[in-house]
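Chemist: Have a look at this one before I ask anything.
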Amino acid sequence: MTDPLLDELLSLALEAARRAGELLRDGRPDDLAVAATKSSPIDVVTEMDIAAEKLITGFLTGARPDDGFLGEEGASTEGTSGVRWVVDPLDGTVNYLYGLPTWAVSIAAEWDGETVVGVVEVPMRGETYRAVRGGGAFCGDRPLRCRPAPPLDQALVSTGFNYVQSVRCHQAEVARQLIPCFRDIRRGGSAAVDLCDVAAGRLDGYYERGLHPWDLAAGDLVAREAGALTGSRPGEPPNRDLAVAASPGVFTPLQRLLDELGAWHD
């Protein structure tokens with residue numbers, strides 16, 4: 043892949059994320075309601091999720107009509123260019139529905155199946171995270187590096203919970219057993235933001251079961267380019283079973299604990 047193409051993809055992702063972030067921040071109606079549900083009655087989609095995805099896909103298709111798409115709210119096309127956009131127009135929908143500030147627009151570009159560009163726009167923080175494969179990670183113009191690794195019992199780790207009740211119960215049991223092992227556990231409500239917080243040194247680690255490619259793609263690249271390690275079970279990349287991201291000294295003991303506790307299955 044050529045540098046001019048990477049530059050083009052990054053520029054388009056930044057602009058698409060900025061436009062969608064403005065729409066979501068400034069266009070949120072006071073009477074925002076649930077438009078649909080997905081995996082369970084509490085896994086919601088709002089009219090703004092749908093509007094933001096239409097804005098993003100329309101903008102990117104206008105610039106690069108031969109690219110493919112994979113989007114949370116239904117955008118799925120193969121494309122013929124070798125580039126595929128992986129889009130979560132609103133990561134942290136429940137936070138957004140309730141007026142909480144931790145939500146983001148996540149846009150990644152893949153080339154032949156490998157993520158090469160990632161952008162995470164966090165409008166309520168006024169932050170834009172970006173990464174290009176091999177080029178480092180940034181928040182605005184500030185280079186990002188994950189925190190120096192503390193002992194595991196001094197690590198601050200974030201997680202998330204599935205919307206299917208039977209799955210949540212097992213995840214809660216895993217978290218109960220993990221809490222004594224760390225400084226503390228956080229639950230932010232947006233996988234993309236959590237991954238960027240690992241990159242920015244605000245978290246020592248993060249793990250979650252049940253994530254989709256659009257939840258992971260951009261934030262995973264940002265975290266890795268900031269020096270974090272990411273994976274699933276030992277030897278596997280982040281996937282639907284389990285995603286783990288942490289500073290290098292925290293990653294291996296965290297991954298081992300999660301594997302021992304069965305965090306990768308229901």
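Residue numbers (our numbering): 43 to 308. Glycine residues also receive a C-beta, built at the ideal position from the N, C-alpha and C atoms. Just so it is clear, the structure is predicted and the values come from calculations on it, not from any experiment.
1) Among all the DSSP beta bridges, which residues are the ones paired with L220?
2) Please list the segments of the beta strand (DSSP E) lying wholly inside the segment 114-173, counting only runs of 3 or more residues, in order along the chain.
3) Of all the options R106, F101, D72, which has the alpha carbon lying nearest to the alpha carbon of M90?
4) How far does the alpha helix (DSSP H) with C238 in it reach, from first residue to last?
5) Checking 8 angstroms against the spacing of the C-beta atoms, do A146 and V159 come in under that value?
6) Considering only DSSP beta bridges, list what E50 is partnered with.
7) In whole angstroms, what separates the C-alpha of S208 from that of A214?
8) Report all residues from its chain with a CB closer than 7 angstroms to the CB of A270; omit the five preceding and five following residues, and keep chain order.
9) In chain order, what residues of the same chain lie with their CB nearer than 6 angstroms to the CB of R175, ignoring the 5 residues before and after it?
10) Please classify E156 as buried or exposed, where buried requires at least 16 neighbouring CB atoms within 10 angstroms.
11) Comparing alpha-carbon positions, which option in V161, G104, D45 lies nearest L132?
12) With DSSP as the reference, label G247 as helix, strand or coil.
13) Between which two residues does the alpha helix (DSSP H) carrying D309 extend?
14) From D257 to R225, what distance separates their C-alpha atoms?
15) Specify the secondary structure class of P280 as computed by DSSP and reduced to three states.
16) Please report the Cβ distance between R266 and E163, rounded to the nearest whole angstrom; I am assuming they are in contact, meaning their Cβ atoms lie under 8 angstroms.
17) Determine the contact status of T201 and A191, defining contact as a CB-CB distance below 8 angstroms.
Modeler: Checking against the coordinates, here is how it stands:
1) According to DSSP, which records beta bridges pairwise, L220 is partnered with nothing at all.
2) Fully enclosed beta strand (DSSP E) runs of no fewer than 3 residues occupy 125-133, 146-153, 156-164 of the segment 114-173, in order along the chain.
3) Residue D72 is the option with its Cα nearest to M90.
4) DSSP places C238 in the uninterrupted alpha helix (DSSP H) bounded by 233-241.
5) No, the Cβ-Cβ distance between A146 and V159 is not below 8 angstroms.
6) According to DSSP, E50 bridges with nothing at all.
7) Roughly 10 angstroms between the two C-alpha positions.
8) Short of 7 angstroms from the beta carbon of A270, and not among the five residues preceding or following it, lie these beta carbons of its own chain, in chain order: C188, V240, A241, A287, A288, S289.
9) Result list for R175: V158, in chain order.
10) Residue environment for E156: exposed (fewer than 16 other C-beta atoms within 10 angstroms of its C-beta).
11) Checked all of V161, G104, D45; the closest Cα to L132 is V161.
12) Looking at G247 - three-state DSSP - the assignment turns out to be strand.
13) Missing from the structure shown is residue 309; the chain here goes from 43 to 308 and no further.
14) When rounded, the separation of the alpha-carbon atoms in D257 and R225 is 26 angstroms.
15) Looking at P280 - three-state DSSP - the assignment turns out to be coil, as it is neither helix nor strand.
16) The C-beta separation of R266 from E163 comes to about 19 angstroms, leaving the pair out of contact by the 8 angstroms criterion.
17) Result no, Cβ atoms of T201 and A191 do not sit closer than 8 angstroms.
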